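Read in order, the letters of the sequence shown correspond to residues 1 to 197 in the UniProt record's numbering. All C-beta atoms in this analysis are idealised placements derived from N, C-alpha and C, irrespective of residue type, glycine included. The structure displayed is predicted, hence computed values, not measured ones.
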Amino acid sequence: MQELHEAAIAYYNNGSTDQQNLAWQFFCSMDGDGNGRVSFQEYTDFLCRTTGLAWVRREMFQELDRNRDGQLDFWEVLTLYYVARTRTIGCRTCLQPLIGLYFTCVTCFESQSVGDSFDLCVKCYMRRDYNHPHRVFLDSFVLLRSKRSHPSLLLQEPPGDQNMSEQQSARIGWWTAMTAMEVALAMGSLSAFCTIM
Numbered sequence: 001m002q003e004l005h006e007a008a009i010a011y012y013n014n015g016s017t018d019q020q021n022l023a024w025q026f027f028c029s030m031d032g033d034g035n036g037r038v039s040f041q042e043y044t045d046f047l048c049r050t051t052g053l054a055w056v057r058r059e060m061f062q063e064l065d066r067n068r069d070g071q072l073d074f075w076e077v078l079t080l081y082y083v084a085r086t087r088t089i090g091c092r093t094c095l096q097p098l099i100g101l102y103f104t105c106v107t108c109f110e111s112q113s114v115g116d117s118f119d120l121c122v123k124c125y126m127r128r129d130y131n132h133p134h135r136v137f138l139d140s141f142v143l144l145r146s147k148r149s150h151p152s153l154l155l156q157e158p159p160g161d162q163n164m165s166e167q168q169s170a171r172i173g174w175w176t177a178m179t180a181m182e183v184a185l186a187m188g189s190l191s192a193f194c195t196i197m
């Protein structure tokens, strides 16, 4: 949560006056009694009123409350605002919000339809606790870097064979994912090297 808090402050400090006003309005709409602090009751009331934030867990209040005083100040609510604006996807298996690192199906990510991505938390992906027809997944950071560096690689789904064993299929998926990751890392290293020059 520390990293998300710092990212929220960075975006706020570098944002336009209009963006900063929107963040302030978000805080004020949560602060029902206008005392400059958001109680747990105000937080839960706000989440119940706001259907767009239905995915936010009630337990997140404790994670946001950095100084553990039982109330949220503007900067703590700013973190929720940032999460709500940028992290509104959940794991397709366990339905937990995906706040940090997560895995995305490359084929679905590249599809033309918005909202068709198939995303998994690290635990569900690690346990292979999902049912999905595609086999190539990359974590969110490697996927973004791969897309920028070598987009044609991401469009390739390994050839499927109806008689292929699950183990063989998994090997092909891992090989493709590792290749994409290596290209992304190599291109990232090259671009970092070029900017140093």
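Using a Cβ distance threshold of 8 Å, Phe74 and Phe40 do not count as a contacting pair.
Shortest Cα-Cα distance from Gln19 to any of His5, Met1 and Tyr82 involves Tyr82.
Judged by DSSP in its simplified three-state form, Leu143 adopts helix.
Looking at the backbone, the Cα of Cys108 and that of Asp33 are separated by about 44 Å.
Non-local beta-carbon contacts of Tyr11 in its own chain, meaning distances under 7 Å to residues more than five positions away in sequence, involve Tyr82 in chain order. Distances from the CA of Thr79 to each of Phe61, Cys91 and Leu95 were compared; the closest alpha carbon is that of Phe61. In the DSSP annotation of this structure, the continuous segment of the beta strand (DSSP E) that includes Cys105 starts and ends at Tyr102 to Cys105. Annotation for Asp129: Thr93 place their beta carbon closer than 6 Å to its own, counting only its chain and skipping 5 residues before and after. Per DSSP, the unbroken beta strand (DSSP E) holding Asp119 starts and ends at Asp119 to Cys121. Put simply, the backbone Cα of Asp139 is about 32 Å away from that of Cys48. If you ignore the 5 residues before and after Leu64, its C-beta comes within less than 8 Å of the C-beta of Met1, Leu72, Glu76, Val77, Thr79 and Leu80, all in its own chain and listed in chain order.
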